[in-house]
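Asker:
There are 2 protein chains.
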Amino acid sequence: MSLLIVGSVALDTIETPAGRADRALGGSASYAALASRLFAPTAILGVVGEDFPLEYVALLHGAGIDTAGLETVPGGKTFHWAGRYHPNMNARDTLLTEINVLGTHHPAVPEPLRGSDFLFLANTSPELQLQTLSEMRRPRLVLADTMNLWIETQREAVWRLIAQTDVMLINESEAQMLCDTASLVRAGRLMLEGGAKRVIIKKGEHGCLMLTRETLFTAPAFPLETVCDPTGAGDSFAGAYLGFLAQAGSLEEPAHRAAIAAATALASYNCEEFGVGRLARLTREEVTARAEALREMTRFDGVGPA
Amino acid sequence: MSLLIVGSVALDTIETPAGRADRALGGSASYAALASRLFAPTAILGVVGEDFPLEYVALLHGAGIDTAGLETVPGGKTFHWAGRYHPNMNARDTLLTEINVLGTHHPAVPEPLRGSDFLFLANTSPELQLQTLSEMRRPRLVLADTMNLWIETQREAVWRLIAQTDVMLINESEAQMLCDTASLVRAGRLMLEGGAKRVIIKKGEHGCLMLTRETLFTAPAFPLETVCDPTGAGDSFAGAYLGFLAQAGSLEEPAHRAAIAAATALASYNCEEFGVGRLARLTREEVTARAEALREMTRFDGVGPA
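Structure follows, in structure tokens:
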């Protein structure tokens, strides 16, 4: 099963209490692809500028990712994001957003990638996400992410995206904003009514909630003693989830839950080092081991009378 | 196995987006005892004033709770707390705290209760908690709670309490404050180093984390679509946890995990109605059913290659 990730490939300047990185490889597609490639053949679609270091392309390519869809805009500059995390790592301030080529170029899906089986529409304008989706032949599963900016400025288009999405992935605060409720269960159910077949609400260090019309699954994050850099946690989570599903041979509830466990484990590794460093050398065996540890940490027996 | 709960019996005036209650039965001991009595014979130790309604005593007594240790101070007034919850129910403002008899009377443990097997030292000054503990013969398990006020004003005494506690129960933000770290895993380990045999960090709607030197368990809250009144959720959680352990016939890790599941289920019922109303008519079968539902919501298979 083939997997296509459409998202940003970026340069990230990050400050956390643990240190600093300058113009490191970043972007939703980079994180998601470095995660999914552990499970399934992965291609990315994105644009960068002429300033994008060749070594970053080599890193992605060396990790087994199909980078043919990574377009370089002549004379253009790569999307650059700079942010500083708060001491508790749960919030961050954006210091700089240089949209650059992301604001002017939206790549069409090349013919060889239109038949991809699994599709991740990482965060961008919902209109662009819908346009990409319209260029695909019938993917088996579409996962979409969004952000507060689009909920504030293009809410109606976000709902149109949800209506065409198999799995809607959204942050806790964004779900509350979109659905105008503090209750995540209610927000999830409203998105299901809006047409998503499945909703995953990400709660950062508190894990996630996954809902369908028939099921509800709640998973903790993997408890970490030290968080170095949470950048890309959500996107690597998404990539691992989709990659795991692509190789699972099933799209039933147990496969989705195992995919969440794998994604939770993988995202926790991502937080333990700056940037994409840990993902780039992560193995599937390490993910399996941590997911198994998570299973041990969440297991309990029935409470009925003995 | 007998269970003693030492804490406040109060009058609560509560406003939430869902409604309002005036001078309702409240207090840590009331909530904890109404929870634990579903599992084990429960006695409370506390003080009220002459204004404490007889119907509230009748409610506790009618629920099977031993109220012989509930002392009425002649001419005194009952502890009265008034608070208003924020729209998302995750935070509240205290509008009024009339300490009244709680500030002047600290009951000694009556002789018949000194041999209780399980003890819950609900939140009060750590010096008073330690005094109560010194009056007990060797209880099999001591559970203690605290709050930010004591961490700010009597931090050293909080650590002395922790050193003598089997299970330390503490809120997320209080654990972070006490241990000066954003990491809950690190905070838990510091409290274990401080002498607690087990630490439970409560995360409200995000569930809890339970640590020993050898184990780590993470449990979600039971996902609710509607929260009516979270008052007493932590204390009813504590009571159910201790009550479940008292009847479990084991103090090994699986018993503690099942106790957390029962406590999680019970606390979720508590949040669905104002005050103690739901707890007063809750059945053990309802708790078991919801704990089983929680188990179904958290279960997942291994992620290793098939």
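Chains as they are written, first to last, in our numbering: chain A, 897 to 1202; chain B, 897 to 1202.
Ideal Cβ placement from N, Cα and C applies to all residues, glycine included.
#1: Judging by CA-CA distance, which residue of Ala931(A), Asp1013(A) and Thr1028(A) is the nearest neighbour of Thr1002(A)?
#2: Can you pull the chain B residues whose beta carbon is under 8 Å from the beta carbon of Ser1079(A), in chain order?
#3: Using DSSP bridges, identify the partner residues of Met1106(B).
#4: Within this structure, are the beta carbons of Leu899(B) and Leu955(B) separated by less than 8 Å?
#5: May I have a chain-ordered list of the beta strand (DSSP E) segments no shorter than 3 residues that lie completely inside the segment 934–995 of chain A?
#6: Name, in chain order, the residues that DSSP records as bridge partners for Asn1067(B).
#7: If you scan the segment 993–1020 of chain A from start to end, which runs of the beta strand (DSSP E) of 3 or more residues do you find wholly inside it?
#8: Report the residues of the segment 1163–1177 of chain B with a CB closer than 9 Å to any CB of chain A, ordered along the chain.
#9: Could you tell me whether any Cβ in chain B is nearer than 8 Å to the Cβ of Asn1067(A)?
#10: Applying the 10 Å Cβ sphere with the 16-neighbour rule, what's the burial state of Glu1181(B)?
#11: Could you list which residues in chain A have their beta carbon closer than 7 Å to that of Asn984(B), in chain order?
#12: Out of curiosity, what's the CA-to-CA distance linking Ala959(B) and Asn1067(B)?
#13: Return the chain-ordered list of same chain residues with a C-beta closer than 7 Å to the C-beta of Ala929(A), the five sequence neighbours on each side being excluded.
#14: Kindly list, in the order they appear in chain A, the residues whose Cβ is closer than 7 Å to that of Met1193(B).
#15: Specify, as a first and last residue, the run of the beta strand (DSSP E) that Leu1037(A) falls within.
#16: Pull up the distance between the alpha-carbon of Asp1131(A) and that of Asn1166(B), whole angstroms please.
#17: Quick one: what does DSSP say Val1172(A) is sitting in, helix, strand or coil?
#18: Helix, strand or coil: which one does DSSP assign to Ala1080(B)?
#19: Quick check: what's the CA-CA separation for Ser924(A) versus Val905(A)?
#20: Give me, in chain order, the residues of the same chain whose beta-carbon lies closer than 8 Å to that of Ala1144(B); leave out the 5 immediate sequence neighbours on both sides.
#21: Less than 8 Å separating the beta-carbons of Leu1105(A) and Ala1157(A)?
#22: Compare the C-beta of Arg1109(B) against all C-beta atoms of chain A and say whether one is closer than 8 Å.
#23: So for Thr1179(A), helix, strand or coil by DSSP?
#24: Round the Cβ separation of Leu1112(A) and Pro1116(B) to the nearest angstrom and send it over; I've been treating them as touching at under 8 Å.
#25: Determine, for Arg980(A), whether the minimum Cβ-Cβ distance to residues of chain B falls below 8 Å.
#26: For Gly1084(B), count neighbouring Cβ atoms within 10 angstroms of its own Cβ and tell me buried if that reaches 16, exposed if not.
#27: Kindly indicate which residue of Thr1122(B), Glu1149(B), Val1063(B) and Leu1138(B) has the alpha-carbon position closest to the one of Pro983(B).
#28: Three-state secondary structure (DSSP) at Arg916(A)?
#29: For Ala906(A), go through chain B and note every residue whose CB falls closer than 9 Å to its CB, in chain order.
#30: Determine the chain A residues that contact Glu1148(B) at a beta-carbon separation under 7 Å, and present them in chain order.
#31: Output yes if chain B places a C-beta closer than 8 Å to the C-beta of Val1038(A); else output no.
#32: Rounded to whole angstroms, what is the Cα-Cα separation between Ala1040(B) and Met1064(B)?
#33: Exposed or buried, what is Leu1148(B) when buried is set at 16 or more other beta-carbons lying within 10 Å of its beta-carbon?
#34: Which residues in the same chain as Glu1169(B) place their Cβ atom closer than 8 Å to its Cβ, once the five residues preceding and following it in sequence are excluded?
#35: Are the Cβ atoms of Arg1056(A) and Pro1022(A) separated by less than 8 Å?
#36: Could you work out which residues of chain A lie near Phe1133(B), taking near to mean beta carbons separated by less than 9 Å?
Answerer: Let me spell this out:
#1: Per the sequence shown, the amino acid found at residue 1002(A) is His instead of Thr. Ranking the options by Cα distance to His1002(A), first place goes to Thr1028(A).
#2: The CB of Ser1079(A) comes closer than 8 Å to the CB of Leu1120, Glu1121, Thr1122 and Val1123 in chain B, given here in chain order.
#3: Per DSSP, the beta bridge partners of Met1106(B) are Ile1096(B) and Phe1113(B).
#4: In this structure, Leu899(B) sits away from Leu955(B), with a CB-CB distance that is not shorter than 8 Å.
#5: Counting only runs of 3 or more, we get 938–945, 962–969, 976–981 and 988–994.
#6: Per the DSSP secondary-structure output, Asn1067(B) pairs in a beta bridge with Lys1098(B).
#7: Taken in chain order, the unbroken stretches of beta strand (DSSP E) that lie wholly in the segment 993–1020 of chain A and span 3 residues or more are 1014–1017.
#8: Hits within the stretch: zero.
#9: Chain B, which has no Cβ nearer than 8 Å to the Cβ of Asn1067(A), makes this no.
#10: Counting Cβ neighbours within 10 Å, Glu1181(B) comes out exposed, since fewer than 16 surround it.
#11: Simply Ala1078.
#12: Taking C-alpha positions only, Ala959(B) is separated from Asn1067(B) by approximately 28 Å.
#13: If we look at Ala929(A) and ignore the five residues flanking it on each side, its Cβ neighbours are Ile901, Thr938, Ile940, Leu956, Ile961 and Gly1135.
#14: The answer, in chain order, is Leu1112, Phe1113 and Thr1114.
#15: For Leu1037(A), the enclosing beta strand (DSSP E) stretches over residues Leu1037 to Asp1041.
#16: Asn1166(B) has its alpha-carbon roughly 36 Å from the corresponding atom of Asp1131(A).
#17: In the structure shown, Val1172(A) adopts coil according to DSSP, grouped into three states.
#18: A quick correction: the sequence has Leu, not Ala, at residue 1080(B). In the three-state reduction of the DSSP assignment, Leu1080(B) falls in the helix class.
#19: Each residue's alpha carbon lies about 7 Å from the other.
#20: Excluding the 5 residues flanking it on each side, Ala1144(B) has same chain C-beta neighbours closer than 8 Å at Ala1151, Ala1154 and Ala1155, in chain order.
#21: No, they are not a contact pair.
#22: Closer than 8 Å: no.
#23: Look at Thr1179(A) here: in three-state DSSP terms it is coil, with no helix or strand label.
#24: 10 Å between Cβ atoms; not a contact.
#25: So no, Arg980(A) is outside the interface.
#26: Within a 10 Å sphere around the beta-carbon of Gly1084(B) sit 16 or more other beta-carbons, which makes this residue buried.
#27: The candidate whose alpha carbon is nearest that of Pro983(B) is Thr1122(B).
#28: In the structure shown, the three-state DSSP call for Arg916(A) is strand.
#29: Those within 9 Å of Ala906(A) in chain B number zero; the least Cβ separation is about 27 Å.
#30: Within chain A, no C-beta atom comes nearer than 7 Å to that of Glu1148(B); the closest sits roughly 11 Å away.
#31: Contact of Val1038(A) with chain B is not assigned, every C-beta pair being separated by 8 Å or more.
#32: Approximately 5 Å, taken between the alpha carbons.
#33: A small correction: the amino acid at residue 1148(B) is Glu; Leu does not occupy that position in the sequence shown. With fewer than 16 Cβ atoms within 10 Å of its Cβ, Glu1148(B) is classed as exposed.
#34: The beta carbon of Glu1169(B) is closer than 8 Å to those of Cys1124 and Asp1125 in its chain, skipping five residues each way along the sequence.
#35: Between Arg1056(A) and Pro1022(A), the C-beta gap is smaller than 8 Å, which places the two residues in contact.
#36: Listed by position along chain A, the residues whose Cβ is nearer than 9 Å to that of Phe1133(B) form an empty set, because the closest Cβ is around 14 Å away.
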